[in-house]
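> In the UniProt record's numbering, the protein residues as written are 1 to 402. Glycine is no exception: its CB is placed at the ideal position from the N, C-alpha and C atoms.
Right, here's the structure in full:
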């Protein structure tokens with residue numbers, strides 16, 4: 001079974017590359033992936049695989065019923081792009097100004113589509129049912145996973161597997177982890193309200209830039225002095241805006257940042273500490289403030305049995321030379337919502353471009369990945385699904401009572 005699946009995927013690899021490059025040229029940002037969704041629907045229409053469209057928004061859920069009884073496994077791929085200008089000098093460069101696939105979601109989609117096509121050809125030999133979840137809007141909270149779940153994408157599903165093509169890891173390496181593998185990702189915004197004035201008369205102002213600068217430093221004490229060193233947490237300021245003339249002290253300054261944690265108690269404590277520090281810093285400077293704290297995706301927590309099963313499946317892939325447990329990543333993923341509802345695991349498929357020692361990171365204008373990693377991802381996901389269904393299928397050997 002696996003040998004046949006792998007051969008089919010190898011034969012269809014060129015198609016996988018063509019799909020990926022087409023999607024890369026015509027990216028659409030989160031919640032606006034209308035043409036991409038239409039492309040996915042058209043692909044399934046041509047093959048004859050049934051699907052449900054507009055699931056939780058732009059999501060699509062396709063399925064294949066095997067010829068033998070068994071449980072149901074879901075495989076997931078996201079398909080939204082990012083508001084980034086593509087700076088790569090390649091034939092498949094994005095044709096949409098200011099939008100590009102800078103995280104590999106085009107590759108995820110191509111992988112899942114061709115995998116579905118290959119599995120459809122051997123459906124009579126499959127046990128149970130395989131569900132293909134094409135998720136919109138992974139990049140921005142509230143994301144697409146939550147709304148798709150609410151719209152029933154996991155109904156009847158027993159387990160789920162997902163992967164992320166990872167350009168910073170060598171191709172041929174598959175990384176897994178039991179328990180937390182990706183962090184909860186929250187967002188906060190702070191507006192400092194001081195009193196502006198002439199730069200030559202700072203004593204007559206409440207300098208919002210100075211106050212905000214102190215706040216940037218003070219917030220770093222949360223991780224260094226308020227969080228147990230055994231636990232992990234990140235507090236980062238990504239934006240500091242107080243635009244004004246060179247000789248004017250700004251009335252207000254705005255800070256936007258992110259918090260990353262694994263432990264829910266730590267997550268709660270960091271949120272409280274941010275409020276306390278902002279309040280104290282502004283009180284000292286006799287300034288006021290506005291603070292908004294938005295909880296993003298929870299931590300991705302893999303289930304032990306499915307993670308072990310995935311690692312075993314990956315070791316069966318010829319192109320995989322290393323299967324290893326990875327350290328937790330502080331990046332976020334809304335795959336976490338699926339794992340809060342059913343058993344499953346999320347893993348990384350190494351996709352470092354060939355001949356590149358220092359690949360561009362995800363979300364970079366020159367981001368790219370090794371397309372051969374898509375074949376590895378397809379084989380790994382397919383093997384995991386097929387083997388899991390076979391092992392969990394009801395036994396054919398029924399012992400009759402005397």
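#1: Going along the chain, which residues of its own chain have a beta-carbon closer than 8 Å to the beta-carbon of residue 394, five neighbours each way excluded?
#2: Comparing C-alpha positions only, which one of 130, 323, 26 sits nearest to residue 177?
#3: Roughly how far, in whole angstroms, is the beta-carbon of residue 262 from the beta-carbon of residue 299, given that I think they are within contact range, below 8 Å?
#4: With distances taken Cα to Cα, identify the nearest neighbour of residue 121 among 363, 253, 382, 390.
#5: Can you tell me the Cα-Cα spacing of residue 62 and residue 38, whole angstroms?
#6: Use the C-beta contact count for residue 80: other C-beta atoms within 10 angstroms, 16 or more gives buried, fewer gives exposed.
#7: How many Å lie between residue 199 and residue 247 at the Cα?
#8: Here's the rule: buried if 16 or more other CB atoms are within 10 angstroms of the residue's CB, otherwise exposed. What is residue 56?
#9: Out of 157, 328, 291, state which residue places its alpha-carbon closest to the alpha-carbon of residue 341.
#10: With C-beta atoms as the reference, is residue 226 less than 8 Å away from residue 150?
#11: Who pairs with residue 135 in a beta bridge, going by DSSP?
#12: Report yes if the C-beta distance between residue 134 and residue 60 is below 8 Å; otherwise report no.
#13: Give me the DSSP bridge partner(s) of residue 160.
#14: Could you tell me whether the region 378–392 touches the region 306–313, using the rule of 3 or more Cβ pairs below 8 Å?
#15: With 16 other CB atoms within 10 Å as the buried threshold, where does residue 233 fall?
#16: Out of curiosity, what's the CA-to-CA distance linking residue 288 and residue 184?
#17: Pull up the distance between the alpha-carbon of residue 237 and that of residue 127, whole angstroms please.
#18: I'd like the ranges of any alpha helix (DSSP H) spanning at least 4 consecutive residues and lying wholly in the region 333–382.
#19: Judging by CA-CA distance, which residue of 201, 28, 47 is the nearest neighbour of residue 136?
#20: Going by DSSP in three states, residue 304 sits in which element: helix, strand or coil?
#21: Do you know offhand how far residue 190's Cα is from residue 221's?
#22: In terms of residues, what are the limits of the alpha helix (DSSP H) holding residue 261?
#23: On the DSSP bridge assignment, give the partners of residue 68 in chain order.
#24: Please return the same chain residues whose Cβ sits closer than 7 Å to the Cβ of residue 2, not counting the five positions on each side in sequence.
#25: Pop quiz: residue 125 and residue 179 are said to be a contact at Cβ under 8 Å. What is the actual Cβ separation, rounded to whole angstroms?
#26: Between residue 402 and the rest of its own chain, which residues show a CB-CB distance below 7 Å, the 5 nearest in sequence each way excluded?
#27: Would you mind giving the Cβ-Cβ distance between residue 241 and residue 253, rounded to the nearest angstrom? I have them listed as a contact below 8 Å.
With the structure as the only source:
#1: For the purposes of this step, residue 394 is taken as residue 394 along the chain shown, with counting starting at 1. So the list reads 69, 70, once near-sequence residues are dropped.
#2: Locating residue 177 in the chain shown gives position 177, where the first residue counts as 1. For residue 177, the closest C-alpha among the options 130, 323, 26 is that of 323.
#3: On the chain shown, residue 262 is found 262 positions in, with the first residue counted as 1. On the chain shown, residue 299 is found 299 positions in, with the first residue counted as 1. Taking 8 Å as the upper bound for CB-CB distance, residue 262 and residue 299 are in contact here, some 5 Å apart.
#4: Here residue 121 refers to the residue found at position 121 of the chain shown. Closest option to residue 121, Cα to Cα, is 382.
#5: Your numbering for residue 62 matches position 62 in the chain shown. Your numbering for residue 38 matches position 38 in the chain shown. In this structure, the alpha-carbon of residue 62 lies about 13 Å from that of residue 38.
#6: For the purposes of this step, residue 80 is taken as residue 80 along the chain shown, with counting starting at 1. By the neighbour-count rule (16 or more Cβ atoms within 10 Å), residue 80 is buried.
#7: Within the chain shown, the letter at position 199 stands for residue 199. Within the chain shown, the letter at position 247 stands for residue 247. Whole-angstrom Cα-Cα distance: 5 Å.
#8: Here the question's residue 56 lines up with position 56 in the chain shown. In the assembly as shown, residue 56 is a buried residue. Its beta-carbon has 16 or more other beta-carbons within 10 Å.
#9: Looking up residue 341 in the chain shown gives position 341. Scanning 157, 328, 291 for the CA closest to the CA of residue 341 turns up 157.
#10: Against the chain shown, residue 226 aligns to sequence position 226. Against the chain shown, residue 150 aligns to sequence position 150. Not in contact: residue 226 and residue 150 (Cβ atoms no closer than 8 Å).
#11: The residue labelled residue 135 in the question sits at position 135 within the chain shown. According to DSSP, residue 135 bridges with 78.
#12: Position 134 of the chain shown holds residue 134. Position 60 of the chain shown holds residue 60. Yes; because the gap between Cβ atoms is below 8 Å, this pair is in contact.
#13: In the chain shown, the residue the question calls residue 160 occupies position 160. Per the DSSP secondary-structure output, residue 160 pairs in a beta bridge with 74, 344.
#14: Touching, yes.
#15: Along the chain shown, one-based indexing puts residue 233 at 233. So residue 233 ends up on the buried side.
#16: Here residue 288 corresponds to residue number 288 of the chain shown, with the count starting at 1. Here residue 184 corresponds to residue number 184 of the chain shown, with the count starting at 1. Residue 288 and residue 184 have their C-alpha atoms roughly 29 Å apart.
#17: The residue you call residue 237 lines up with position 237 of the chain shown. The residue you call residue 127 lines up with position 127 of the chain shown. Their backbone Cα atoms lie some 49 Å apart in a straight line.
#18: Secondary structure remark: continuous alpha helix (DSSP H) runs of at least 4 residues inside the region 333–382, in chain order: 335–341.
#19: One-based indexing of the chain shown puts residue 136 at position 136. That would be 28, whose Cα lies nearest to the Cα of residue 136.
#20: As a position in the chain shown, residue 304 is number 304, starting the count at 1. Assignment of residue 304 by DSSP, reduced to helix, strand and coil, places it in the helix class.
#21: Along the chain shown, read from residue 1 onward, the residue named residue 190 stands at position 190. Along the chain shown, read from residue 1 onward, the residue named residue 221 stands at position 221. Rounded to whole angstroms, residue 190 to residue 221 spans 17 Å at the Cα level.
#22: Start at 1 with the first residue of the chain shown, and residue 261 comes out as number 261. No alpha helix (DSSP H) contains residue 261, which is instead part of the beta strand (DSSP E) from 252–261.
#23: Stepping through the chain shown from its first residue, residue 68 is reached at position 68. Beta-bridge pairing links residue 68 to 127.
#24: As a working note, residue 2 is residue 2 in the chain shown. The residues are 316, 383, 386.
#25: Locating residue 125 in the chain shown gives position 125, counting from the first residue. Locating residue 179 in the chain shown gives position 179, counting from the first residue. No, residue 125 and residue 179 are not in contact; Cβ-Cβ is about 34 Å, not under 8 Å.
#26: One-based indexing of the chain shown puts residue 402 at position 402. Note that residue 402 has pLDDT 41, beneath the 50 cutoff, so the model's placement of it is unreliable and the number below is only indicative. Setting aside the 5 residues that flank it on each side, residue 402 has no residue in the same chain whose C-beta is closer than 7 Å to its C-beta.
#27: Taking the chain shown and counting its residues from 1, the one referred to as residue 241 is at position 241. Taking the chain shown and counting its residues from 1, the one referred to as residue 253 is at position 253. The pair is a contact, with the Cβ atoms about 7 Å apart (cut-off 8 Å).
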